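Peer 1: Mind having a look at this structure? Questions to follow.
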Amino acid sequence: MNKKQEFVEREKKRQCFFCGRLAIDCMREKRHSIEDLRRYFDEKLSDFLAAQPFNSMSFHLLE
């Protein structure tokens, strides 16, 4: 909200990282299950960590 107590919206609507549709629509309609979202984030995190040059032992601690 701004100083005049009016709602402020983003100029550019965000895309859903999971399906590419408008994120607000996915949230309102609950298009994706918690399990699907958790699996998606786990995969993205694993991919990111696997690409990092630090010790592989650190990576396995997160599994």
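When we follow the working numbering, the leftmost residue of the sequence shown carries the number 1, and every step to the right adds one.
Each residue gets a CB set at the ideal place from its N, CA and C atoms; glycine is no exception.
Because the structure is a prediction, the values reported are computed rather than measured.
1. Drop a sphere of 10 angstroms on the beta-carbon of Cys26, count the other beta-carbons inside from all chains shown, and report buried for 16 or more, exposed for fewer.
2. Strictly by DSSP, which residues pair up with Gly5?
3. Within the 9 angstroms Cβ cut-off, does Asp36 reach chain C?
4. Check each candidate in Arg31, Lys3 and Ser46 and name the one with the smallest Cα separation from Gly20.
Peer 2: Concretely, from the data shown:
1. buried
2. Reading the sequence as shown, one finds Gln at residue 5 and not Gly. DSSP lists no partner for Gln5.
3. You won't find chain C in this structure, because it holds only one protein chain.
4. Cα-wise, what sits closest to Gly20 is Arg31.
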